[in-house]
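Chains as they are written, first to last, in the working numbering: chain A, 174 to 683; chain B, 253 to 713.
Cβ atoms here follow ideal geometry from the backbone N, Cα and C, with glycine treated the same way.
If you're wondering where the values come from, they're calculated on a predicted model, not measured in any experiment.
First comes the structure, then the notes that go with it.
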């Protein structure tokens with residue numbers, strides 16, 4: 174091994190220590206919501222944790238006519254408002270703000286990108302940066318291709334150092350547009366330099382699904398059709414569309430949640446053990462799961478999917494309007510705010526095990542969890558009466574909030590007779606370790622700077638997911654099955670309950 | 253690094269149980285009752301009580317009342333975020349009877365959607381022969397199946413049977429070499445523990461956790477691929493430390509030992525230079541690396557703390573220089589109110605109060621400045637060899653939490669303009685430092701290697 178390729182011996186043992194090479198991160202849409210709420214606070218927290226190297230610089234690029242000072246003031250305000258860690262450390266903040274620059278960029282103007290290029294060259298020289306660039310598109314998805322092509326035209330995608338581009342979900346609107354986006358991005362950047370962020374994958378508890386399954390020997394032997402009855406995945410939000418009516422009314426719950434977060438959770442739950450926790454090994458296994466999911470076509474779609482839309486109701490003690498009364502939503506909108514479906518994975522491990530997935534807005538509470546429901550014991554040794562209060566064993570992987578894992582099993586009630594009841598063994602993620610978990614964006618930004626794509630979505634994953642969703646979306650546009658209303662603050666439409674009842678099951682109440 | 257989960261606690265609640273002249277059986281019975289009451293109360297109408305949640309047992313051995321309070325406060329801070337059992341042992345406490353004095357305090361934490369837990373702090377005052385049998389004393393209290401850490405405040409009795417016995421029931425020992433009373437000889441004796449530290453017994457030093465920002469900053473400089481070659485081009489290192497004498501050179505030795513062990517350098521010799529400086533020479537392959545240890549006086553830093561590190565060299569025709577220094581503008585802790593009480597204001601007017609304030613500050617400064625020389629006159633020890641017993645006022649001042657601690661880094665590569673970088677050092681916080689060490693299970697191979705290399709270096713001082 175050459176000296177230049179050897180790991181840094183001084184970094185050994187600095188647990189959780191990961192540091193990137195000096196680079197410039199260019200945030201397109203730097204004055205927007207994502208940048209202000211997530212990216213700038215995440216970068217500040219990375220600086221606070223000493224994870225940003227000397228010379229690291231951020232260039233804000235947006236259409237707004239701002240001075241550098243005004244952008245720094247904007248960044249400071251957002252960090253104060255949205256940083257995970259409070260109070261804000263003024264000296265860290267001052268130091269971080271001094272690394273910020275701003276360039277006005279109209280995405281349609283090549284000259285603006287050339288001016289951006291000049292700024293980057295200046296920073297390379299003053300900050301000892303060997304040409305490393307990360308272009309972060311914190312902009313609406315339709316701009317991704319324009320930005321990539323302008324970067325190419327301005328020659329900003331080549332030269333010394335690395336050149337990476339980060340795009341946010343949704344990656345396309347359907348299979349066709351996803352392929353177009355991929356083709357454009359791959360014309361400008363190599364696939365391993367395209368970082369598609371689904372921030373769910375940056376959550377520690379999502380990553381912990383793999384640790385739970387593959388770092389323990391006791392769970393994997395039961396993790397299959399022999400002992401598992403069904404899997405339920407719930408992604409519930411108590412909020413509505415929060416001013417995103419224009420986007421959401423075109424997307425709906427299926428595109429907004431199921432196509433990405435929902436299917437990512439399915440793949441992590443169902444994948445085979447990868448050879449190593451390495452980007453391509455993990456993503457290869459995830460793609461295999463997506464390809465093994467039985468496509469829903471024709472009548473399957475009506476029988477295995479549910480679409481609902483919230484009517485007015487009460488959530489967390491507050492009366493909320495119906496979806497159709499929200500701003501920028503058509504008064505006769507047919508967009509679903511609730512999507513439920515039953516999937517089967519046609520492979521040896523999961524044959525015959527239904528995966529029920531539901532995602533919705535204005536449900537009673539915010540919760541994301543995966544519930545692995547086990548089969549009942551083959552013989553009731555203690556008799557039906559003693560076991561009447563016992564639920565089948567279940568493992569619940571709670572993603573948010575109160576991240577953790579619980580195992581439900583039967584135990585004898587302390588009394589003279591023989592009575593068995595379900596009890597729960599709980600593991601709480603945040604109290605069991607003596608360190609704080611980073612916010613998902615902090616983790617993902619650092620991964621991107623370091624060049625580790627394990628927790629980012631690969632092009633073939635995106636396409637495999639759209640290939641499953643497209644036929645369902647097409648049927649839904651033809652009102653098959655019909656849209657069903659549910660009162661805000663309830664667990665979705667009646668059809669969702671019936672979907673499981675038809676199989677002799679019911680939704681677990683999180 | 254991922255920061256430790258810390259929530260400030262306002263104060264300790266009153267003990268749930270306190271008794272004097274008791275036996276361990278009495279303590280166990282009381283503890284059982286405390287737990288049972290909590291479990292029953294939390295279960296409410298439910299027939300089945302929630303299982304007890306506990307991630308570790310932390311045993312704090314406190315040689316003084318001040319240390320006892322520090323141990324209890326730290327255990328409470330940790331326990332409010334992480335369900336744990338803490339046992340605080342106070343040796344040589346003025347116990348009146350033949351046996352033990354003990355108290356049990358608990359803090360209950362109720363997360364919004366999870367089961368409540370209670371953090372238990374069991375304080376035991378012990379003296380005489382019982383204090384020499386720590387393992388037997390605490391063994392019945394330990395929680396099964398979770399790690400047990402022994403945190404020895406002050407200077408542990410290195411090399412003595414008492415400590416070795418105590419380690420039998422523990423998974424890790426945590427000390428703070430910055431607080432050793434005889435830093436030089438205690439540090440050497442501590443490195444002897446490396447012989448028995450193995451895959452089960454961990455060894456950790458709070459001083460090592462304090463050095464983390466320095467280690468991270470130095471490691472960061474060499475992380476970019478185009479600077480990796482600089483590692484084999486290091487020709488000189490300078491370490492400035494506060495105070496005089498070899499006893500104050502321990503942190504400097506640890507950081508140097510860390511670099512030497514990581515880069516495979518071998519110590520050749522160390523010799524005294526001018527002005528109290530010491531020069532160590534390492535063999536790095538076919539090259540020689542010089543490390544200069546220079547004593548400095550920094551009012552805002554405690555004796556033994558590192559003030560600055562400079563690393564310089566050249567590789568493939570490019571020179572480089574990394575300079576990291578502790579922020580010189582660090583805020584000084586506010587004067588201890590106890591001093592003010594010795595200087596009455598003579599009235600409530602502003603001038604009188606200001607005059608009294610100045611007198612109090614002068615009084616404290618004179619005491620502070622003369623403390624080391626008074627101590628060395630009294631003991632006859634050379635500078636740095638031993639430290640004065642820690643009077644309460646000066647101790648609290650030395651380690652005040654301070655939010656304005658930063659490292660200033662200056663990078664010079666070739667002819668380019670110097671690059672300045674500011675990084676935050678975590679505020680001095682016993683609980684956070686302790687958690688940093690405990691989160692690794694006190695097993696840190698890098699520390700063990702750094703300690704061994706530092707010990708070799710210290711032997712040459």
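Alpha carbon to alpha carbon, how far is residue 291/B from residue 360/B? Give it in angstroms, no decimals. Spanning the alpha carbons of residue 360/B and residue 291/B requires a straight line of approximately 11 Å.
Have a look at residue 567/B and residue 485/B and give me their C-alpha separation to the nearest angstrom. If you draw a straight line from the Cα of residue 567/B to the Cα of residue 485/B, it is about 5 Å long.
Hey, residue 637/B and residue 434/B: beta-carbon distance below 8 Å or not? With contacts defined by Cβ atoms closer than 8 Å, residue 637/B and residue 434/B form a contacting pair.
Determine the closest residue to residue 276/B out of 460/B, 384/B, 391/B, 358/B, with distance taken between C-alpha atoms. For the set 460/B, 384/B, 391/B, 358/B, the Cα lying nearest the Cα of residue 276/B is the one of 391/B.
Compute the minimum distance between the beta carbon of residue 386/A and the heavy atoms of the ligand HEM, and state whether it is under 7 Å. The model depicted lacks the ligand HEM and carries no ligand whatsoever.
As a quick exercise: from 414/B, 516/B, 666/B, 395/B, pick the residue whose alpha carbon is nearest that of residue 380/B. Distances from the alpha-carbon of residue 380/B to those of 414/B, 516/B, 666/B, 395/B put 414/B closest.
Tell me, please, whether the CB atom of residue 654/B is closer than 8 Å to any CB atom in chain A? Here the model assigns residue 654/B a pLDDT of 43, short of 50, so the residue's position is not dependable, and the following value carries that caveat. So, not an interface residue.
For the structure I just gave you, are there three or more beta carbon pairs, one from the region 418 to 429 of chain A and one from the region 548 to 566 of chain A, closer than 8 Å? The region 418 to 429 of chain A vs the region 548 to 566 of chain A: no contact.
For the region 240 to 264 of chain A, list every residue whose C-beta sits within 7 Å of some C-beta in chain B, in sequence order. Within the region 240 to 264 of chain A, the qualifying residues are 262, 264.
At 7 Å on the CB atoms, spell out the chain A contacts of residue 698/B, in chain order. Against residue 698/B, the close residues of chain A are 185, 186, in the order they occur along the chain (beta-carbon pairs closer than 7 Å).
Backbone CA spacing between residue 453/B and residue 660/A [nearest angstrom]: Residue 453/B and residue 660/A have their alpha carbons spaced roughly 58 Å apart.
Near residue 386/B, which residues of its chain fall below 6 Å by C-beta distance, leaving aside the five closest residues on each side in sequence? The residues are 418.
When you compare each of 446/A, 431/A, 335/A, 436/A to residue 388/A by their alpha carbons, which one comes out closest? Taking only the C-alpha atoms, the option nearest residue 388/A is 446/A.
Distance between residue 338/A and residue 586/B (C-alpha atoms, nearest Å): Its pLDDT being 42, under 50, residue 586/B is placed unreliably by the model, and nothing is read from it.
Would you say residue 228/A lies against chain B (beta-carbon separation less than 8 Å)? Yes, its Cβ sits closer than 8 Å to a Cβ of chain B.
Residue interval of the beta strand (DSSP E) (run including residue 202/B): Nothing about residue 202/B can be read from this structure; chain B reaches only from 253 to 713.
If I measure Cβ to Cβ from residue 676/A and keep anything under 6 Å in the same chain, skipping five residues before and after, which residues do I get? Same-chain partners within the cutoff: there are none.
N-terminal and C-terminal residue of the alpha helix (DSSP H) that residue 504/B is part of: Residues 502 to 515.
Minimum Cβ-Cβ distance from residue 563/A to chain B less than 8 Å: Chain B contact via Cβ: absent.
For a contact meaning CB atoms closer than 8 Å, what does residue 514/B contact in chain C? Included in the structure are the protein chains A and B, with no chain C among them.
Can you list, in chain order, the residues of its chain with a C-beta nearer than 7 Å to that of residue 456/A? Leave out the 5 residues immediately preceding and following it. Same-chain partners within the cutoff: 631, 634.
Test item: CB-CB of residue 649/A and residue 515/A under 8 Å: Taking 8 Å as the Cβ cut-off, residue 649/A and residue 515/A do not qualify as a contacting pair.
On the CB-based measure, 16 or more other CB atoms within 10 Å of its CB, does residue 405/A come out buried or exposed? With 16 or more neighbouring CB atoms inside 10 Å of its own CB, residue 405/A falls in the buried class.
Using three-state DSSP, classify residue 551/B as helix, strand or coil. Looking at residue 551/B - three-state DSSP - the assignment turns out to be coil, as it is neither helix nor strand.
Confirm, please, whether the CB-CB distance from residue 483/B to residue 706/B is below 8 Å. No, they are not a contact pair.
Inspect the CB distances between the region 462 to 473 of chain A and the region 432 to 446 of chain A and report whether three or more fall short of 8 Å. With the cut-off at 8 Å, the region 462 to 473 of chain A and the region 432 to 446 of chain A touch.
Please list, in chain order, all residues of the same chain as residue 563/A whose beta carbon is under 7 Å from its beta carbon, the five residues on each side excluded. Around residue 563/A: 583, 593, 594, 595.
Outcome for residue 240/A when other beta-carbon atoms lying within 10 angstroms are tallied against a minimum of 16: Under this definition residue 240/A is an exposed residue.
What does residue 541/B reach in chain A if we use C-beta pairs closer than 8 Å? Within 8 Å Cβ-Cβ: nothing; residue 541/B doesn't reach chain A, min ~14 Å.
Please list the partners that residue 467/B has in chain A, where partner means a Cβ-to-Cβ separation under 8 Å. Against residue 467/B, the close residues of chain A are 183, 187, in the order they occur along the chain (beta-carbon pairs closer than 8 Å).
N- and C-terminal bounds of the alpha helix (DSSP H) containing residue 491/A: Bounds of any alpha helix (DSSP H) do not take in residue 491/A; it lies within the beta strand (DSSP E) bounded by 491 to 493.
Exposed or buried, residue 214/A, counting other C-beta atoms within 10 Å across all chains shown (16 or more means buried)? The residue is buried, with at least 16 neighbouring Cβ atoms inside 10 Å.
Does the Cβ-Cβ distance between residue 330/B and residue 323/B come in under 8 Å? The answer is no: Cβ separation not under 8 Å.
Is there a C-beta anywhere in chain B that falls below 8 Å from the one on residue 221/A? Chain B, which has a Cβ nearer than 8 Å to the Cβ of residue 221/A, makes this yes.
With contact counted as at least three CB pairs below 8 Å, one residue from each stretch, are the region 554 to 572 of chain B and the region 493 to 503 of chain B in contact? The region 554 to 572 of chain B, when compared against the region 493 to 503 of chain B, does touch it at the 8 Å Cβ threshold.
Figure out for me which residue from 397/B, 271/B, 527/B, 675/B has the closest Cα to the Cα of residue 472/B. The shortest Cα separation from residue 472/B among 397/B, 271/B, 527/B, 675/B belongs to 675/B.
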